[in-house]
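The structure appears right after this line, and notes come after that.
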Amino acid sequence: MASPHVKDLTDANFQSEVLQSDKLTLVDFWATWCAPCREEHPVLVDFARRKLVPIYGLNYKDTRPAGMGFLTQLGNPYEASLFDGDGRVGIDYGVYGVPETFVIDKQGVIRHKHVGALTPEVLQQKIEPLLKELNA
């Protein structure tokens, strides 16, 4: 599990580091005010420990101190974090609520969008098989 003091990405270097990284990534839009995000958080922390794919977090329409406090208190599954206070990055992704999680392939193409809280079943039945397929 990553430290709560991971690097904070800007929108510009998020685009270059995550979307043009030549690696599979999971991008998770979340907020401290979101009850389903709190439900999914322990699932993400457990999933991150398995190191199957880097997970990047986008703290959506929140305050940065609240987001960092959340990660410090509950654990930080994210490789790096971006603060999307005004929701502009979310608009680019078509986010209309949180949590939303995206699987992005090695070419930077969104291959799967999951709306709602991730569960162990969703990870096992949808996300992990897709990761294996994309890594083949």
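The numbering used here numbers the first residue of the sequence shown as 323 and each following residue consecutively. Even glycine gets a Cβ: it sits at the ideal position worked out from N, Cα and C.
- For D344 and Y400, the gap between their C-alpha atoms comes out near 18 Å.
- DSSP, reduced to helix, strand and coil, places T394 within a helical segment of the structure shown.
- Between V417 and Y378, the beta carbon gap of about 14 Å keeps them out of contact (Cβ cut-off 8 Å).
- DSSP, read as helix, strand or coil, puts Y415 in helix.
- Look at L452 here: in three-state DSSP terms it is helix.
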